[in-house]
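Chains as they are written, first to last, in this note's numbering: chain A, 10 to 366; chain B, 56 to 556.
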């Protein structure tokens, strides 16, 4: 007789080919489950999926919007891979993004009537610093007091959001804004240049691609990338090798925070143009999915960011044309992550039914 | 016979590369403390795991009370009357003593019945317990009491104790012995697994000595001394010794002086005033049974732990006790810890990448932070060829290699840079005979070329084969060194068993 519930047993060898197919299988399974949900909601699944995944990108404007959404996702996700490769679970990119927007945006507000070439670079720099400082708080807590970075980084998200809230209703409120909770608009030279006339895709995309390339180089060619990897795989081996793990934790958090900070600044100085309450539709959290969907690999992250950005756009279109709540977008993100983690587990482990007698 | 509770007949159990139990046969008498004594790897654990239903024997029979005894799980073993207290506890730290005890019960029982029963067990066997205390607040001895009570709740006829005193203070040991005596008086039988000679003589009635998976002797402890036990446990290992001392220079280049280190952790052994000297070209062996401070000492020798309480390490006239691993490598000190996977090598990385874990000044692997892949690959290929590592290539993952091959690779990586001193722990642990031989050969060759070597090993045969001097570590104390060529095996055995006249 076999037991009712299977037990999970480690596979001696995981298939390299399957490793490659996991993201693809996850997406296919997501689409199948999504169709079932649409059918249950009473929609024609083909039309619904079309509305969700094809129609948003069937125009130039749509494609531009796809890149607008993918830019922060990819930038934060590549930053997160510095942490995740090192087995540090920084969940607080949303807070680091917010802090970047506050620091960089603060400069933009301070110089709201200045038009000079140095303004945007200064804002970007300030954004990076803000995000990095916010990221260093959990790093210090982790290395000094051995606190769990998942909790601290997550809690700091809400602290950062409250600070932003306070600023835009308090000291940084737009004096000409009829008491709306928003800041003054930045000056023209404090805005991300647009890449094409009439489309919202902006210079942040170039910054993102550049940082992804730099990160690829760091991960695959430098001793620093190697150290991150070793200390993620096996802290004991890293200690044996003499790598300074405290330094690695600091660098990973600082880099991730800086990238998220730049992403935040790129949002407020790009499509938004000022500071207000809801600068990010959870990019910092969604980027966690992007990072894992892209398997922490730069190329993978580019594709993953496009797929997830599409769920954002699809949710908007679905709300517009099918009157489905936009939360369906989150359902799709959740499904992708669920299947991804599930498939990943099954690559490394198998289910067996233990013989009872 | 009526006073025999357990007959073990011809039990054989083999694993892929080793026969752990070879036709093991002996009887255990009712109402007694029966010791199983042996070095690490003698087959003690395998045997008790078979008794407790964790392993299935390949051959042989066990009879409990003259009836065939066959169990597939610990739960069944408990049902049949065999309980076991492991060396490492399996308790939930955040739960209270009572909650842990409830979780361990197989049958249904009301709360008040349980409390009555606990009360009874506690007073009868000298096992005082604070039922509401959380496990985290307990000392190792108290945790062990919880484990014993948990087993006693099921009323076992035979209680297996695996190295029970290894985590206890001397006072706790005394109180454990009182408990064991009370249990035996009641008609229970204790199977006592140990390597400590003293304990065998003081509390056990009968002793079975195992070596290399075989039973050497089963006899009453009454006519045994620590010396006779030690000789039987270790066997005669000095038959064909050919240690060569000619190449050793009369110049100390590595000196450990009065190193002490406290850990405040029952599972780690505090180091007590450890001192030794190694001369140029000498192989210095540190023998001892596992868990007597070897890995703690290794961490201090490699620099992975630099938080020592007192003492110094001197190498080439430099004080290095505060140096981390990389700074020591920069001085041409090289090390191979006991565990290959996840310590001296990362299983998920390729052989080439694993080279980068250990860089010496003369290696040219990195320039301005960028890895010079060609140099690393060349070095890896060199190690693979020179040390005859069997692998498809330098891009194969470390995890794909057999234990022996990976160990050859790791040792090859360390000695290719011709270190002045090599510190190595258990060089041939868990690997096949071929690799074992070639590793020992290369260590001897290395020493003949002027490298000093420190070998920490539980394998006495190995130490006697390759070292020039041996000292014994026991409970964090290191004995004085003995010249390997003049060594008395009895003396070593006594030291390993904790007897120092």
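Glycine included, C-beta positions come from ideal geometry on N, C-alpha and C. Note that the structure is predicted; figures quoted are calculated from it, not measured.
Status (buried if at least 16 other CB within 10 Å, exposed otherwise) for residue i
i: residue 181 of chain A; result: buried
i: residue 146 of chain B; result: buried
i: residue 207 of chain B; result: buried
i: residue 250 of chain B; result: buried
i: residue 348 of chain A; result: buried
i: residue 286 of chain A; result: exposed
i: residue 261 of chain B; result: buried
i: residue 480 of chain B; result: buried
i: residue 224 of chain B; result: exposed
i: residue 168 of chain B; result: exposed
i: residue 67 of chain A; result: exposed
i: residue 302 of chain B; result: exposed
i: residue 512 of chain B; result: buried
i: residue 226 of chain B; result: exposed
i: residue 61 of chain B; result: buried
i: residue 63 of chain A; result: exposed
i: residue 222 of chain A; result: exposed
i: residue 197 of chain A; result: exposed
i: residue 344 of chain B; result: buried
i: residue 127 of chain A; result: exposed
i: residue 178 of chain B; result: exposed
Cβ-Cβ separation, residue j to residue i (assumed contact under 8 Å), whole Å
i: residue 432 of chain B; j: residue 409 of chain B; result: 12 Å between Cβ atoms; not a contact.
i: residue 82 of chain A; j: residue 173 of chain A; result: Going by Cβ atoms, the distance from residue 82 of chain A to residue 173 of chain A rounds to 20 Å, so no, they are not a contact pair.
i: residue 135 of chain A; j: residue 267 of chain A; result: In fact, because the Cβ distance is near 11 Å, the residues do not count as touching under 8 Å.
i: residue 446 of chain B; j: residue 404 of chain B; result: The pair is not a contact, with the Cβ atoms about 13 Å apart (cut-off 8 Å).
i: residue 254 of chain B; j: residue 281 of chain B; result: Incorrect: roughly 11 Å between the Cβ atoms, too far for contact.
i: residue 290 of chain A; j: residue 225 of chain A; result: Wrong, their Cβ atoms sit about 27 Å apart, outside the cutoff.
i: residue 233 of chain B; j: residue 181 of chain B; result: 5 Å
i: residue 169 of chain A; j: residue 108 of chain A; result: 5 Å
i: residue 144 of chain B; j: residue 199 of chain B; result: 7 Å
Residues near residue i in its chain [Cβ-Cβ closer than 6 Å; skip 5 each side]
i: residue 361 of chain B; result: 377
i: residue 307 of chain B; result: 332, 334
i: residue 186 of chain B; result: 152, 153
i: residue 536 of chain B; result: 524, 526
i: residue 113 of chain A; result: 132, 135, 136, 274
First through last residue of the alpha helix (DSSP H) which encompasses residue i
i: residue 98 of chain B; result: Element bounds for residue 98 of chain B: n/a, residue is neither H nor E.
i: residue 428 of chain B; result: 428 to 441
i: residue 77 of chain A; result: 69 to 94
i: residue 268 of chain A; result: 254 to 276
i: residue 159 of chain A; result: 158 to 178
i: residue 332 of chain B; result: Residue 332 of chain B -> not in any alpha helix (DSSP H); beta strand (DSSP E) instead, spanning 326 to 334.
i: residue 216 of chain A; result: 213 to 230
i: residue 252 of chain B; result: 252 to 258
Beta-carbon proximity list for residue i, same chain, < 8 Å, skipping 5 on both sides
i: residue 155 of chain B; result: 146, 147, 190, 201, 205
i: residue 495 of chain B; result: 482, 483, 517, 520, 521
i: residue 347 of chain B; result: 324, 528, 529, 530, 531
i: residue 58 of chain B; result: 84, 85, 86
i: residue 293 of chain B; result: At residue 293 of chain B, the pLDDT of 48 sits below 50, so the modelled position is not reliable; the number obtained from the coordinates is stated separately. Around residue 293 of chain B: 519, 542, 544.
Under 8 Å from the C-beta of residue i: neighbouring residues of chain E
i: residue 336 of chain B; result: Considering every chain present, this structure includes no chain E. Its protein chains are A and B.
Cβ-based neighbour list, residue i, same chain, cut-off 7 Å, excluding 5 preceding and 5 following
i: residue 468 of chain B; result: 410, 413, 438
i: residue 318 of chain A; result: 75, 78, 79, 82
i: residue 399 of chain B; result: 391, 392, 465
i: residue 170 of chain B; result: none
i: residue 158 of chain A; result: 97, 98, 99, 147, 151
Residue i: first and last residue of the uninterrupted beta strand (DSSP E) it sits in
i: residue 360 of chain A; result: 358 to 361
i: residue 138 of chain B; result: 137 to 140
i: residue 280 of chain B; result: Per DSSP, residue 280 of chain B belongs to no beta strand (DSSP E) and is neither H nor E.
i: residue 271 of chain B; result: 269 to 275
i: residue 120 of chain B; result: Residue 120 of chain B -> no beta strand (DSSP E), and no H or E assigned at all.
What residues from the segment 233 to 254 of chain A come within 7 Å of chain B, judged by C-beta to C-beta, listed N to C? Result list: 233, 235, 239, 242, 243, 245, 246, 248, 249, 250, 251.
Contacting positions in the segment 380 to 398 of chain B - beta carbon closer than 9 Å to chain A: 380, 381, 382, 383, 384, 390, 392, 394, 396, 397, 398
Report the residues of the segment 125 to 151 of chain A with a CB closer than 7 Å to any CB of chain B, ordered along the chain. none
Select from the segment 415 to 442 of chain B all residues with a C-beta closer than 7 Å to any C-beta belonging to chain A, and list them in chain order. 421, 424, 425, 426
Quick one: which residues of the segment 205 to 235 of chain A get their C-beta closer than 7 Å to a C-beta of chain B? List them in chain order. So the close ones are 230, 231, 232, 233, 235.
Could you list the residues in the segment 529 to 544 of chain B with a C-beta less than 7 Å from some C-beta on chain A, going in chain order? none
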